[in-house]
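In full-length UniProt numbering, the protein residues as written are 1 to 177.
We put the beta carbon where it would ideally sit given N, CA and C, even for glycine.
What follows is one structure encoded as structure tokens, with my remarks underneath.
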């Protein structure tokens, strides 16, 4: 079982006890504002999301981690790696992604978790390049991307919803440097 410990977080695979907490995060309009079309997800949609992530672990050897606070054991959200199939113009590619509950914002958890995922991608899984994709205007995500040291690459229209997506990247030589 793949686990990553950071100073404050445990990144781990999903278990059935995580579903209610993630469903609560996904039901918050503020959390989901910049995701997809901005719609919240219900319990069934959240279960489907976790199932897709677990399948990606099995198929790709990487995936999306549950993010747990070491001190309390609370599920803060997720971070990890995924193939951005929703944006065919960037394929083949792997993106680092994250989503945290609102009560965990502004404490550096997203940057800490995303950095651990990026390190996992480039050093453990041997990927040469990783993307981060965020909607134009999503200042919080763009701040995390900047802290990861990723460079802007291009802006594309989301083929599903039409809004603008900023694509950033980093490769192994840039990360190691």
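Coarse secondary structure for residue i, derived from DSSP in three states
| i | result |
| --- | --- |
| residue 99 | strand |
| residue 20 | helix |
| residue 142 | helix |
| residue 12 | strand |
| residue 168 | strand |
| residue 111 | helix |
| residue 130 | strand |
Exposure label - residue i; buried when at least 16 CB within 10 Å
| i | result |
| --- | --- |
| residue 177 | Caution applies to residue 177, whose pLDDT of 47 falls short of 50 and renders its modelled position unreliable; the value that the coordinates give is listed next. With fewer than 16 other Cβ atoms within 10 Å, it is exposed. |
| residue 118 | buried |
| residue 85 | exposed |
Cβ shell of residue i (< 6 Å), same chain only, five flanking positions each side left out
| i | result |
| --- | --- |
| residue 27 | 40 |
CA nearest to the CA of residue i, picked from the options
| i | options | result |
| --- | --- | --- |
| residue 76 | 94, 2, 99, 92 | 99 |
| residue 141 | 4, 35, 45, 159 | 35 |
| residue 179 | 80, 144, 137, 104 | Nothing about residue 179 can be reported from this structure: the residues present for the chain run from 1 to 177 only. |
Contacting residues, own chain, Cβ-Cβ under 8 Å from residue i (five flanking each side not counted)
| i | result |
| --- | --- |
| residue 29 | 38, 40 |
| residue 9 | 67, 68, 69, 70, 76, 109, 112, 113, 116 |
*Flag this pair as touching only if the stretch 11-29 and the stretch 49-66 have three or more C-beta atom pairs under 8 Å; answer yes or no.*
Verdict: yes, contact present.
_Quick check: the stretch 142-158 against the stretch 44-64, are at least 3 beta-carbon pairs closer than 8 Å?_
They do not touch, by the three-pair rule.
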